[in-house]
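Residue numbering for the sequence shown follows the UniProt record's numbering, beginning at 1 and increasing consecutively.
Here the structure is laid out as structure tokens; the discussion comes afterwards.
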Amino acid sequence: MSDNSRENQGRYSLRDLPRHDYRGQLRGFRESYTSVDTEDCTEVEESLITGVSDPMEQLAAALASLAKLQEEAQRQAEERRREEERRREEQAEERRQEEERRREEAQRQAEERRREEERQRERHYEEIQAMQEQHMQQIEIMKG
């Protein structure tokens with residue numbers, strides 16, 4: 001059978017394909033891929049598109065592959081968005097914790113300053129009281 005008669009008939013046999021090519025993939029193609037399921041397509045499967053003689057089947061396979069690629073791209077974009085949101089939340093939490101730590105440190109330092117001022121006032125009061133007692137004793141000595 002010549003190539004022209006095959007073209008006229010619109011049919012090719014698997015023997016017409018090179019041995020290393022798509023023989024197994026094309027077996028039963030019409031039956032299994034006329035209604036294309038996007039779940040089965042992970043990328044544009046060139047072997048399915050180029051090995052098919054019916055342009056509608058080529059288009060269906062290409063569209064199914066494209067739809068699957070778009071779904072995967074959307075899934076990845078959503079995953080990136082969630083990851084970025086998680087990172088922003090973690091950074092906000094870290095900033096909040098750092099601010100809380102600074103606030104606690106400032107509060108601790110203020111309390112320490114207050115205690116030191118109180119100790120200084122007590123020492124000053126004790127010094128004044130000691131000076132008053134000494135002064136009173138000197139007055140008693142002078143009177144006596």
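For glycine and all other residues, C-beta sits at the position ideal for the given N, C-alpha and C.
For residue j and residue i, the rounded distance between their alpha carbons
i: residue 153; j: Gln74; result: Residue 153 is absent from the structure shown; the chain starts at 1 and stops at 144.
i: Arg81; j: Gln70; result: 16 Å
i: Arg101; j: Arg95; result: 10 Å
i: His135; j: Tyr125; result: 15 Å
i: Arg121; j: Ile139; result: 27 Å
i: Ser65; j: Glu72; result: 11 Å
i: Arg114; j: Glu83; result: 46 Å
i: Ala110; j: Glu90; result: 30 Å
i: Gln97; j: Glu85; result: 18 Å
i: Glu133; j: Glu127; result: 10 Å
Sequence-distant residues of its chain with Cβ nearer than 7 Å to residue i (five each side left out)
i: Ala92; result: none
Same chain, Cβ closer than 6 Å to residue i, five either side skipped, listed in chain order
i: Asp54; result: none
i: Gly24; result: Annotation note: pLDDT 49 at Gly24 (below 50); position unreliable, coordinate value reported separately. Closer than 6 Å at the Cβ level, and outside the excluded window around Gly24, lies no residue.
Secondary structure of residue i, DSSP reduced to three states
i: Glu31; result: For Glu31, the pLDDT reaches just 46, beneath the cut-off of 50, and the residue's location in the model is therefore unreliable, although a value from the coordinates is still provided. Correct three-state label for Glu31: helix.
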